[in-house]
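Per my numbering, the very first residue in the sequence shown carries number 30; after that it's consecutive.
Every residue gets a Cβ at the ideal spot worked out from N, C-alpha and C, and that includes glycine.
Below is one structure; the comments refer to it alone.
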Amino acid sequence: MPLIIHPLGKESVDSEISSLAVNTEGSFVTWSTYNGFLSILTIENNEKSEFQLNSYGKKLSFISEDLFVVGQEEGNLICFSTTFQKIWQISCPGGCELMESTRKGDLIALIDGTNTLRLINTKGELLSQFSEYELTGLTINENGSAISCWDDEGNLFVLDRKCNLIFKRGINSNVGERIITAKYTQNGILLVSKESLDIPDDGEQNELEFWNPLGQKIGKVGFNSKCVSLNVKNSLIWAGLFSGEVFLIEEFNKKLIWKSEYSITSLMPINNGILVASWFYLFKISKENNDPLWQYEHSGIIDFLKMSQDEKIVALAGNDRNDYTNPSELVLLNPNATPIWEEESDDEFQEENVIEEESPDIYNNSDDDLKELLGDDFNQYQSTNDLGKNTSMDDLMAAFNEDISSEPKTKEIEEESLIEHLLSSDEKRNQPPICNAGNDQVLQSGEDGSCTVILDGSSSHDPDGYIRTWNWTSEDGRTLSSGPKLKLRLPKGNHRFTLTVADDDGAMSSDSVSIIIK
């Protein structure tokens with residue numbers, strides 16, 4: 030039986046949660062849903078308020094204790110107070126794709142729908158912008174003095190607040206590379222998780238690189254799987270792999286701390302350990318004994334994990350990738366709560382003590398019970414008994430049993446046939462998921478010779494379960510997205526993309542879609 034903790038609270042939602050944020054003090058939690066509602070919860074009195082957006086909130090971030098910004102799928106970047114007073118807004122063409130902010134560095138960095146990096150201060154003033162390459166990722170340092178962004182070919186650019194290039198990390202492979210994620214340490218070292226699309230001559234296919242502020246690579250650590258999650262605290266670096274391993278890295282040396290059966294989606298350092306989100310579960314792992322201190326099972330796959338700076342409030346959200354179930358709720362936890370043993374009520378039962386009570390009534394030879402059993406036939410029985418035919422209750426019950434046993438065994442045969450049918454149905458092979466990448470599209474390009482395209486595979490489904498993973502790939506095999514929908518900006522020409530889905534039993538299927546940009 031695992032150790033678990035109970036939630037502080039849950040908030041039901043009418044639509045899937047699209048983004049989530051917690052302020053530094055842990056006094057406010059805000060989240061947005063795909064139906065366009067923006068909600069905020071005051072932790073102290075459990076009071077919730079809502080606001081309807083023109084689109085839906087794709088990215089959320091607190092920039093002070095009572096101010097937060099929301100980047101929408103379509104529309105401007107808006108700064109709200111915790112009472113939904115609109116403080117400022119700034120144009121965000123094509124909506125907000127990615128966003129990072131630092132309160133200490135007075136900086137908001139976002140990539141909009143036109144693939145432009147925009148740097149904005151917390152007063153809503155545009156500082157600078159960078160619009161080269163097809164940018165797919167973004168991270169900033171704590172002081173807001175260095176901004177790193179990367180494209181879909183493995184090039185990474187480090188910029189200052191005026192978008193001047195500090196240094197560029199080029200591709201080290203003939204076939205190509207992919208930047209999975211990146212993170213700054215507190216002393217300014219840039220961690221870059223990269224995956225080579227071929228077997229490199231030097232180094233390993235999956236590596237974590239260390240870059241100093243001067244643009245020099247000062248070290249690297251290799252993995253047997255791609256590093257999909259990074260986080261840091263003081264001098265400790267935590268790395269979570271696609272294959273489920275969690276490593277602690279100190280001075281370019283890695284140490285395996287724990288392994289999950291599923292991919293690691295989020296890491297959050299806490300006290301002397303780490304919070305690990307993997308599939309439907311959140312674990313608290315000690316770095317000393319490498320064992321889970323507790324676990325919490327969410328109703329959905331955990332997509333969002335946020336924690337207050339004092340490490341007293343954790344908010345998590347996600348969905349189960351099933352179109353036929355209700356959206357998974359928002360959950361609040363106290364990560365420092367005392368864990369308890371999980372009650373396995375389904376497997377345990379408490380046997381009641383049977384108390385045998387002796388009563389003289391059970392030896393009573395009265396005919397009350399027999400009269401109740403025979404009803405109107407009791408008088409006939411009584412007259413027969415008076416004629417000397419000594420018929421007892423045992424004789425009657427024996428006759429009843431004889432009648433039952435003499436009946437044909439048709440019912441028993443029918444029951445056996447039904448059991449065999451159910452067993453044979455249960456042994457049927459798992460049906461593969463039905464993958465639908467959407468219809469082929471022919472679109473007109475804009476003045477710049479490109480066009481924004483949305484690939485939608487959300488109509489894919491599994492007839493006997495649910496879809497667990499999604500994977501969009503380009504013609505050259507590069508992974509573009511791990512979600513059902515994908516927005517791209519494509520140049521003129523013919524393009525083909527493939528969606529591969531896997532269900533809860535591991536069965537997979539694929540479908541392709543062609544996009545023509547004229």
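Answer yes or no: do residue i and residue j have a C-beta to C-beta separation smaller than 8 Å?
i: Leu345; j: Ile331; result: yes
i: Glu224; j: Ile200; result: no
i: Gly104; j: Gly134; result: no
i: Leu334; j: Gln324; result: no
i: Val187; j: Leu219; result: yes
i: Ile369; j: Ile33; result: yes
i: Lys212; j: Asn263; result: no
i: Asn500; j: Ser489; result: no
i: Ser258; j: Ile293; result: yes
i: Ile496; j: Pro462; result: yes
i: Phe271; j: Ser289; result: no
i: Phe57; j: Thr111; result: yes
i: Ile92; j: Val98; result: yes
i: Glu126; j: Thr168; result: no
i: Ser222; j: Cys256; result: yes
i: Ser487; j: Lys514; result: yes
Does the Cβ of residue i have 16 or more other Cβ atoms within 10 Å, making it buried, or fewer, making it exposed?
i: Thr215; result: The sequence as given places Gln at residue 215; Thr does not occur at that position. With fewer than 16 other Cβ atoms within 10 Å, it is exposed.
i: Asn235; result: buried
i: Ala428; result: The pLDDT assigned to Ala428 is 49, lower than 50, so where the model puts this residue is not dependable; a value taken from the coordinates is nonetheless given after this. The residue is exposed, with fewer than 16 neighbouring Cβ atoms inside 10 Å.
i: Gly269; result: buried
i: Met297; result: buried
i: Lys313; result: buried
i: Gly173; result: buried
i: Met336; result: buried
i: Gln245; result: exposed
i: His35; result: exposed
i: Tyr85; result: buried
i: Val42; result: buried
i: Gly535; result: exposed
i: Asn348; result: buried
i: Thr4; result: Residue 4 lies beyond the stretch modelled for the chain, which goes from 30 to 547, so this question has no answer here.
i: Glu238; result: buried
i: Asn75; result: exposed
i: Ile46; result: buried
i: Ile228; result: exposed
i: Thr210; result: buried
i: Pro122; result: exposed
Quick one: measure Cβ to Cβ for residue i and residue j, integer angstroms, because I've assumed they're closer than 8 Å.
i: Lys88; j: Ser48; result: 5 Å
i: Leu136; j: Arg207; result: That pair is no contact at about 26 Å.
i: Val360; j: Ala466; result: No, Val360 and Ala466 are not in contact; Cβ-Cβ is about 33 Å, not under 8 Å.
i: Asp180; j: Leu164; result: 6 Å
i: Ile26; j: Glu340; result: With the chain covering 30 to 547 only, the question about residue 26 has no answer from this structure.
Just to confirm the assignment, what range does the beta strand (DSSP E) spanning residue i have?
i: His327; result: Looking at the DSSP string, His327 is not in any beta strand (DSSP E), and its letter there is neither H nor E.
i: His524; result: 522 to 532
i: Lys249; result: 246 to 252
i: Pro298; result: 293 to 299
i: Arg207; result: 206 to 213
i: Glu238; result: 235 to 240
i: Tyr85; result: Careful: Tyr85 lies outside any beta strand (DSSP E) and carries neither H nor E.
i: Tyr353; result: Tyr353 -> no beta strand (DSSP E), and no H or E assigned at all.
i: Glu40; result: 38 to 40
Rounded to whole angstroms, what's the CA-CA distance from residue i to residue j? Just pull it up for me.
i: Thr529; j: Arg350; result: 14 Å
i: Leu148; j: Thr508; result: 28 Å
i: Gly205; j: Lys547; result: 28 Å
i: Arg132; j: Glu54; result: 13 Å
i: Ile433; j: Tyr291; result: With a pLDDT of only 48 at Ile433, under 50, the local geometry of the prediction cannot be trusted, and no value is derived from it.
i: Gly38; j: Ser61; result: 18 Å
i: Gln470; j: Gly232; result: 41 Å
i: Glu317; j: Val305; result: 15 Å
i: Glu504; j: Gly522; result: 13 Å
i: Ser357; j: Asp532; result: 19 Å
i: Ile247; j: Trp117; result: 42 Å
i: Ile69; j: Ser307; result: 26 Å
i: Thr481; j: Asn319; result: 46 Å
i: Ile198; j: Leu265; result: A small fix is needed here, since residue 198 is Arg in this sequence, not Ile. Arg198 and Leu265: Cα-Cα distance of roughly 24 Å.
i: Leu79; j: Glu102; result: Inspection of the sequence shows that residue 79 is occupied by Glu rather than by Leu. Their backbone Cα atoms lie some 18 Å apart in a straight line.
i: Gln338; j: Glu171; result: 14 Å
i: Ser44; j: Ser328; result: 14 Å
i: Asn382; j: Glu371; result: A caution first: Asn382 carries a pLDDT of 44, below 50, which makes its placement in the model too unreliable to give a value.
i: Ser177; j: Phe159; result: 11 Å
i: Pro31; j: Val343; result: 20 Å
i: Ser202; j: Asp485; result: 31 Å
i: Ser474; j: Arg518; result: 10 Å
i: Tyr162; j: Ile278; result: 32 Å
i: Ser539; j: Thr502; result: 11 Å
Does chain B have any CB closer than 8 Å to the CB of residue i?
i: Lys313; result: Among the protein chains of the structure shown there is no chain B, as only one such chain exists.
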